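Position one of the sequence shown corresponds to residue 41 (my numbering), numbered consecutively onward.
Glycine residues also receive a C-beta, built at the ideal position from the N, C-alpha and C atoms.
Owing to the predicted nature of the structure, the values given are computational and were not obtained by experimental measurement.
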Amino acid sequence: MAAATTLIIGASHAGVQTAASLRDNGYDGRIVMISDEAHLPYHRPPLSKTLAKPGGAALQVLRSARFFEDRRIEFVPDTRIATLAPNERRVVTADGAVIDYDALVLATGARPLVPPIPGRDLDGVMTLRSLDDALRLGEALQGADHVAIIGGGMIGLEFAAVAAGEGRQVTVIEAAPRILGRAVSAETADQLAAEHRRRGVTIVTGDSVLAIEGQTRVSAVVTKAGLRVPADLVLIAVGAIANAELAGDIGIGNREGIQVDTGLATAVPGIYAVGDCAHHPNTHAGASMRIESVQNATDQGRTVAAALTGGKARYTALPWFWSDQYELKLQIAGITQGHDLAVSRRDGPDGRLTVFCFRRGRLVGVESINNARTHMAARRLLGAGMTITAAQAADPDFDIGAAAKLIAAAE
Ligand SMILES: Cc1cc2nc3c(=O)[nH]c(=O)nc-3n(C[C@H](O)[C@H](O)[C@H](O)COP(=O)(O)OP(=O)(O)OC[C@H]3O[C@@H](n4cnc5c(N)ncnc54)[C@H](O)[C@@H]3O)c2cc1C
41 MAAATTLIIG ASHAGVQTAA SLRDNGYDGR IVMISDEAHL PYHRPPLSKT
91 LAKPGGAALQ VLRSARFFED RRIEFVPDTR IATLAPNERR VVTADGAVID
141 YDALVLATGA RPLVPPIPGR DLDGVMTLRS LDDALRLGEA LQGADHVAII
191 GGGMIGLEFA AVAAGEGRQV TVIEAAPRIL GRAVSAETAD QLAAEHRRRG
241 VTIVTGDSVL AIEGQTRVSA VVTKAGLRVP ADLVLIAVGA IANAELAGDI
291 GIGNREGIQV DTGLATAVPG IYAVGDCAHH PNTHAGASMR IESVQNATDQ
341 GRTVAAALTG GKARYTALPW FWSDQYELKL QIAGITQGHD LAVSRRDGPD
391 GRLTVFCFRR GRLVGVESIN NARTHMAARR LLGAGMTITA AQAADPDFDI
441 GAAAKLIAAA E
């Protein structure tokens with residue numbers, strides 16, 4: 041029988057999709073969705089792409105207030121859940137209010153990791169996760185000449201592109217031997233790094249920040265190798281950590297995230313976790329992991345809504361991701377981490393890069409730049425559990441789009 045009250049903690053990509061899908065599936069119980077942010081739920085990806093610009097772009101809400109009203113989704117902003125009481129099936133807010141539930145969905149997301157670098161509390165040192173962070177960053181960028189970005193991951197590089205586009209002197213400092221080490225192949229990372237350098241961004245790799253200097257405001261960052269990079273704005277973007285403390289208090293979460301099974305259920309009856317916070321068995325990676333992407337958050341929201349309404353409740357969706365830097369749109373289908381062979385090729389008159397990543401002879405992911413057709417075809421192919429050979433990937437006459445069409449026709 042469907043639960044009478046579903047309580048969702050967190051109202052972002054995962055939480056909102058859970059609520060919307062519950063209603064789409066005919067769930068008739070009460071839906072309460074709690075957010076510790078003040079705004080209507082919004083799209084997070086633009087924060088590092090357009091919203092962190094001085095003057096920013098307009099906020100893009102995920103759903104209107106009307107959408108929630110029409111579907112009887114009780115959206116409660118500005119409210120933090122402080123405690124879970126699973127035996128009583130209730131939660132307690134930071135203000136001491138009690139909310140009862142029958143099913144609880146933890147969609148608490150993640151927050152920026154801040155390493156204990158001396159000087160991290162100086163004015164002008166920032167992180168980027170929320171709309172408020174993006175607006176503060178955009179304002180700070182207006183008055184900044186030198187921007188230092190600690191971490192050469194997606195968010196750091198997207199903000200580097202924004203800052204360089206605004207004519208600022210930008211330095212990215214990455215501790216690993218190359219940028220995007222955890223996210224993409226060396227071939228794709230090299231193309232992005234080349235574009236950043238062409239736009240005047242300095243990329244330092246294999247060196248880490250020892251200290252952030254300044255009196256009350258930041259003035260420079262100092263690296264292990266002895267570099268002193270002038271900076272009046274520093275973005276710390278070295279990764280994110282799951283908001284798993286609530287779950288940790290009741291034994292179902294730790295630094296890795298909230299532990300769930302393939303149906304996204306935790307070990308505590310009636311409690312599920314979805315999105316960035318969920319450490320789940322991923323069929324495509326063949327391992328348990330957290331994935332930080334809109335696709336993962338929304339597809340997990342759909343899966344948990346199906347579980348709560350008696351439908352198919354196994355999370356098997358193909359992971360995919362994108363990033364925008366300057367005029368380059370990077371799209372990734374599948375999980376390319378841990379590949380043992382990368383076959384790259386350039387298509388079209390403008391030489392658009394595609395990298396086919398293989399693990400033990402199987403295609404596990406495809407990274408493409410400014411090539412939506414290839415990306416969509418790769419998603420179809422990988423989603424159907426198909427593979428191609430490395431020789432086909434390397435063959436300029438092999439058309440992955442045509443191969444994907446054949447699959448679609450056979451389905
Ligand atoms: C700057 C930026 C750019 C990104 N760009 C891309 C991109 O280009 N492509 C892509 O696929 N992904 C991108 N991502 C990742 C994507 O935004 C996340 O994967 C997605 O937001 C995850 O959604 P979520 O609902 O799981 O968690 P979140 O979006 O983190 O939302 C969780 C919400 O829960 C709230 N919360 C936490 N604890 C509590 C509590 N105790 N009580 C009440 N509320 C609580 C949080 O404040 C937050 O509002 C980007 C992320 C960032 C930060």
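- Taken from the Cβ of residue 332, at least one heavy atom of ligand 1 lies inside 8 Å.
- When the alpha-carbon of residue 280 is set against those of 91, 247, 153 and 357, the nearest one is in 153.
- As a beta-bridge residue in DSSP terms, residue 166 pairs with 275.
- Taking each of 60, 421 and 445 in turn and checking the Cα distance to residue 110, the smallest one comes out for 60.
- Contact holds between the stretch 237-257 and the stretch 214-227, because three or more Cβ pairs, one in each stretch, are under 8 Å apart.
- Taking each of 328, 159, 183 and 241 in turn and checking the Cα distance to residue 302, the smallest one comes out for 328.
- A direct Cα-Cα distance of roughly 17 Å separates residue 345 from residue 103.
- Of 80, 418 and 360, the smallest CA-CA separation from residue 403 is found for 418.
- A residue is called buried once 16 or more other Cβ atoms fall within 10 Å of its Cβ, and residue 445, having fewer, is exposed.
- The criterion of a C-beta distance shorter than 9 Å is not satisfied by residue 147 and residue 326.
- As computed with DSSP, residue 317 is found in no beta bridge at all.
- Set against 8 Å, the gap from the CB of residue 407 to the closest heavy atom of ligand 1 is not smaller.
- In this structure, DSSP gives residue 270 an extended state, which the three-state scheme calls strand.
- Ranked by Cα distance from residue 73, the first of 52, 299, 297 and 157 is 52.
- A distance criterion of 8 Å places the beta-carbon of residue 129 beyond contact range of ligand 1, judged by its closest non-hydrogen atom.
- DSSP places residue 86 within a helical segment (H, G or I) once states are collapsed to three.
- Buried is the label assigned to residue 57, since at least 16 other Cβ atoms lie within 10 Å of its Cβ.
- Beta-bridge analysis with DSSP links residue 384 to 395.
- When DSSP reads this structure, residue 322 sits in a beta bridge with 327.
- Counting the other Cβ atoms within 10 Å of the Cβ of residue 127 gives fewer than 16, which makes it exposed.
- Residue 89 has its Cβ nearer than 8 Å to a heavy atom of ligand 1.
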